[in-house]
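Undergrad: The sequence shown lines up with residues 153 to 481 when you count with my numbering.
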Amino acid sequence: MINISALFSALKSGTRVYNTALILLCLFMPVIAPAIGQEFYTDVFARTMIWAIAAVSLNFIMGYGGMISFGHAVFLGLGGYTVGILAFHGIESAYIQWPLALLVSGLFALVIGAICLRTKGVYFIMITLAFAQMVYFLSLSLEVYGSDDGLNIDTRSDFGLSFFDLNDAMTMYYLIFAVMIGCLYLTHRLVNSRFGMVIRGSQSNDDRMHSIGYPTYRYKLAAFVIAGVMCGLAGVLSANFEDFISPDTMFWPRSGDLIFMVVLGGMGTIFGPLGGAIIFGILAEILSNITDQWHLIFGPFLILVVLFARGGLEGLIGKWGLGRDRTDP
153 MINISALFSA LKSGTRVYNT ALILLCLFMP VIAPAIGQEF YTDVFARTMI WAIAAVSLNF
213 IMGYGGMISF GHAVFLGLGG YTVGILAFHG IESAYIQWPL ALLVSGLFAL VIGAICLRTK
273 GVYFIMITLA FAQMVYFLSL SLEVYGSDDG LNIDTRSDFG LSFFDLNDAM TMYYLIFAVM
333 IGCLYLTHRL VNSRFGMVIR GSQSNDDRMH SIGYPTYRYK LAAFVIAGVM CGLAGVLSAN
393 FEDFISPDTM FWPRSGDLIF MVVLGGMGTI FGPLGGAIIF GILAEILSNI TDQWHLIFGP
453 FLILVVLFAR GGLEGLIGKW GLGRDRTDP
């Protein structure tokens, strides 16, 4: 059972208020949105929470392990396409779709990680990008599954429970919310465990951690697989929520969006990716109604964040004397 109090116990009082507000905003958005006459924000926040799950998974390896993956969105696509392809062939059971989607994501992460973790810096970035682009172009070539037009998913995952039907909007919303909380809690537990100590230590000084007896390569590979599975789960939720999956989900700009969310919210913090995803989701919704080139506005915005709020929103709050949730080694 998830102990929410334990999740917040690591936070100082200032960020506890800030991050609790983020959680409550997500929790009560289905009530808030109709009350202010903006019902569509319920869908915006559902989509935002899915992105937050993916961003949390990226932050786990990038913020705590120093592994900057520019192809992380590929796991969104793998999870989503596994659900979509199985549904296309008449396999609608969630008990088949979901485990298989996570297995595919985990195995692909294992293959990528086994190769790219033997490199560092720009080489690591380029290898993750190359693998992601390979899968992207493969999805474009699969005309039976819609090619670049994408694949419509006519039936959502079936859990076989009358009281748990994903076709119900509220059930879908709160499933996404519950999974997001679970991923935040899992990250918190991992980061504050011996496993997390090794991952954080390898980011600071990999050679030193290896010299004192820790097989850092294995630890980082395990972290990479965990992050891939977590992001694949976000892809499963996205496919069910959108009733659609397309190659664009795993195109490299989507990975850039995830990096943006992590940096904006606060890299190396538990709740930072959630705050970054919420700001990104709201701004994207507003700006996309103004111009189709709304991504161009995010470039200068990210530069300003890096220059004046290097710790993201969490760091900015820290400058105001409100504390932060960065986990210290």
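C-beta: ideal position from N, C-alpha, C; glycine also.
What residue range does the alpha helix (DSSP H) around I442 cover?
TA: Where I442 is concerned, there is no enclosing alpha helix (DSSP H), given that its DSSP letter is neither H nor E.
Undergrad: Taking one C-beta from the segment 390-405 and one from the segment 220-231 each time, how about it: are there three or more such pairs within less than 8 Å?
TA: Cβ pair count under 8 Å is three or more, so yes.
Undergrad: Between the Cα of I277 and those of M214, I243, R168, S356, spot the shortest distance and give me the residue it belongs to.
TA: Minimum Cα distance to I277 is reached at M214.
Undergrad: Rounded to whole angstroms, what's the CA-CA distance from Y233 to K372? Just pull it up for me.
TA: Y233 and K372: Cα-Cα distance of roughly 26 Å.
Undergrad: How far does the alpha helix (DSSP H) with E394 in it extend, from its first residue to its last?
TA: It spans 368-394 - the alpha helix (DSSP H) in which E394 sits, taken as one unbroken run.
Undergrad: Mind reading off the beta-carbon distance from V208 to P367? Whole number of angstroms is fine, and I expect it under 8 Å.
TA: So it is not a contact: roughly 25 Å between Cβ atoms.
Undergrad: Are there three or more Cβ pairs, one per stretch, closer than 8 Å when the segment 296-314 is compared with the segment 328-335?
TA: No contact exists between the segment 296-314 and the segment 328-335.
Undergrad: Classify L259 as helix, strand or coil using the three-state DSSP reduction.
TA: Helix at L259.
Undergrad: By how many angstroms is the C-alpha of M349 removed from the C-alpha of L338?
TA: So the alpha carbons of these two residues sit roughly 15 Å apart.
Undergrad: Locate the alpha helix (DSSP H) running through T234, then write down its first and last residues.
TA: First-last of the alpha helix (DSSP H) with T234: 226-240.
Undergrad: Short check: CB of W446 to CB of L454, under 7 Å?
TA: Not a contact, by the Cβ cut-off of 7 Å.
Undergrad: Label A204 either buried or exposed according to how many other C-beta atoms from any shown protein chain fall within 10 Å of its C-beta, with 16 as the threshold for buried.
TA: Buried, because 16 or more other Cβ atoms sit within 10 Å of the Cβ of A204.
Undergrad: N304 bridges to which residues according to DSSP?
TA: Paired residues: F396.
Undergrad: Quick one: using the 10 Å Cβ neighbour count with 16 as the cut-off for buried, is P251 buried or exposed?
TA: It is exposed - the Cβ of P251 has fewer than 16 other Cβ atoms within 10 Å.
Undergrad: Which residue wins for smallest C-alpha separation from G408, given the options F450, G218, I175?
TA: G408 has its Cα closest to that of F450, out of F450, G218, I175.
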